[in-house]
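Right, one structure below, let's go through it.
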Amino acid sequence: MHQSPDNDIRNILQSVYDPEIPVLSVVDMGIIRKLSRSADEVVVHITPTYTGCPAMDVISTQIRMALLAAGFPSVKIVQELSPAWTTDWISEEGKQKLKAYGIAPPIGKAIDSVWLEDLKVPCPQCNSTNTVLVSQFGSTACKALFKCLDCKEPFDYFKCH
Ligand SMILES: [Zn+2]
């Protein structure tokens, strides 16, 4: 029987990365809703980020594998669909990591979403807000493609929702 506190589980989950954004852990993404455990089982409740994103099955498998590898004998993943995940749940640290990775983090709150065309998204390379929307969809449906008019670099913006 594994005796470590829940902090150990969180530390392990910090090493499980989102397959689409390899710098963000599932903890940074804010998709871990609840941890519960009994003598021989760990139950991890997660909320899928995007219903259209096939990454969630991958994430569930990775969480299970990481905890099994750490010595937990039995791991169960429960998906909670309500309330729905929003970009508001991405941690501040996660937003910093996104930017360092070259993806502009979501601006503002999901609840006051504005038209993408009206957003002044700062360029993650040079911080200029002299940027324009190129496409509603970037490298994945979760992102939009912007271009910086100063450094001329295109970049992904993580859409609010
Ligand atoms: Zn720039």
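FYI, in this note's numbering the residues of the sequence shown are 1 to 161.
The beta carbon of each residue, even a glycine, is placed where N, CA and C say it ideally should be.
All values reported here derive from a predicted model rather than from experimental measurement.
query	result
Alpha carbon to alpha carbon, how far is G108 from M1? Give it in angstroms, no decimals.	Low confidence applies to M1: its pLDDT is 43, below 50, so where it sits in the model is not reliable, and the reading given next is rough at best. In a straight line, the C-alpha of M1 is about 44 Å away from that of G108.
Compute the minimum distance between the beta carbon of Q125 and the heavy atoms of ligand 1, and state whether it is under 8 Å.	yes
For a test of the three-state rule: what should DSSP assign to K141, helix, strand or coil?	A small correction: the amino acid at residue 141 is Ala; Lys does not occupy that position in the sequence shown. DSSP places A141 in coil when its eight states are reduced to three.
Do three or more CB pairs link the stretch 27 to 34 to the stretch 90 to 98 at distances below 8 Å?	yes
Which ranges does the alpha helix (DSSP H) cover as unbroken runs of at least 4 residues, wholly within the stretch 57 to 109, from first to last along the chain?	92 to 101
Helix, strand or coil for Q136, going by three-state DSSP, please let me know.	coil
State the beta-bridge partners of T131 as determined by DSSP.	C148
Using 8 Å for Cβ pairs, my map puts F155 next to C148. What's the rounded Cβ distance?	7 Å
Alpha carbon to alpha carbon, what distance is there between V121 and G102?	12 Å
Could you check which residue in E41, T129, K143 and V58 has the C-alpha nearest to that of L68?	E41
Does the distance between the C-beta of T131 and the nearest non-hydrogen atom of ligand 1 fall short of 8 Å?	yes
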